[in-house]
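Novice: For the sequence shown, my numbering gives the first residue as 31, with consecutive numbering after it.
The beta-carbon is built from N, C-alpha and C at its ideal position, and this holds for glycine as well.
Here the structure is a predicted model, which means the values were calculated and not measured.
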Amino acid sequence: MQFFTIVAAFAATAAASAIPNTVPKGESAPNTLEARQMPPMACLPGLMGTPNCCATVVLGLVGLNCDVPSKPVTDGKSLVNYCASVGQQAQCCGPSLAGQALLCSKPIGVF
Numbered sequence: 031m032q033f034f035t036i037v038a039a040f041a042a043t044a045a046a047s048a049i050p051n052t053v054p055k056g057e058s059a060p061n062t063l064e065a066r067q068m069p070p071m072a073c074l075p076g077l078m079g080t081p082n083c084c085a086t087v088v089l090g091l092v093g094l095n096c097d098v099p100s101k102p103v104t105d106g107k108s109l110v111n112y113c114a115s116v117g118q119q120a121q122c123c124g125p126s127l128a129g130q131a132l133l134c135s136k137p138i139g140v141f
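(1) Starting from G106, follow the alpha helix (DSSP H) in both directions and report where the run begins and ends.
(2) Looking only at its chain, what residues have a beta carbon closer than 6 Å to the beta carbon of S135, apart from the 5 residues adjacent to it on each side?
(3) For T130, which of helix, strand or coil comes out of DSSP?
(4) Let me check understanding here. Comparing Cα to Cα, which of D97, S108, V110 and A41 lies closest to G76?
(5) Run through the DSSP bridge pairs and tell me what N82 is partnered with.
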């Protein structure tokens, strides 16, 4: 029980951490929301930063029978489309062992 609490607290902290917005000295910040966005990516870098296609996701945290996409994905939508084409669910997961991925979450931009 304590292990699950610690893992859940760590995952929540990692998901809630802010991404700094740095503007070089002498330049102004972009005016539009689109210009301020990070480059397209399927998963946030860090613990749960590996894009995976999983057959089943248990409790939204553990992916079963997961594989990394065989072609590059550029954003969350392309990961979802690729995984759907092979009959799997798109997930961003942490370390995996024998096709079982721990600490999975949905890709960026997928609700």
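Specialist: Reading off the structure:
(1) Numbered from its first residue, the sequence shown carries residue 106 at position 76. G106 -> alpha helix (DSSP H) spans G106 to S115.
(2) Taking the first residue of the sequence shown as position 1, residue 135 is located at position 105. Excluding residues within five positions, the ones whose Cβ falls inside 6 Å are M78 and C122.
(3) Position 100 of the sequence shown, counted from the start, is the residue given in the question as residue 130. Before going further, note that residue 130 is Gln rather than Thr in the sequence given. DSSP places Q130 in strand when its eight states are reduced to three.
(4) Taking the first residue of the sequence shown as 1, we reach residue 76 at position 46. The shortest C-alpha separation from G76 is found at A41.
(5) Position 52 of the sequence shown, counted from the first residue, corresponds to residue 82. Q121, per the DSSP bridge assignment.
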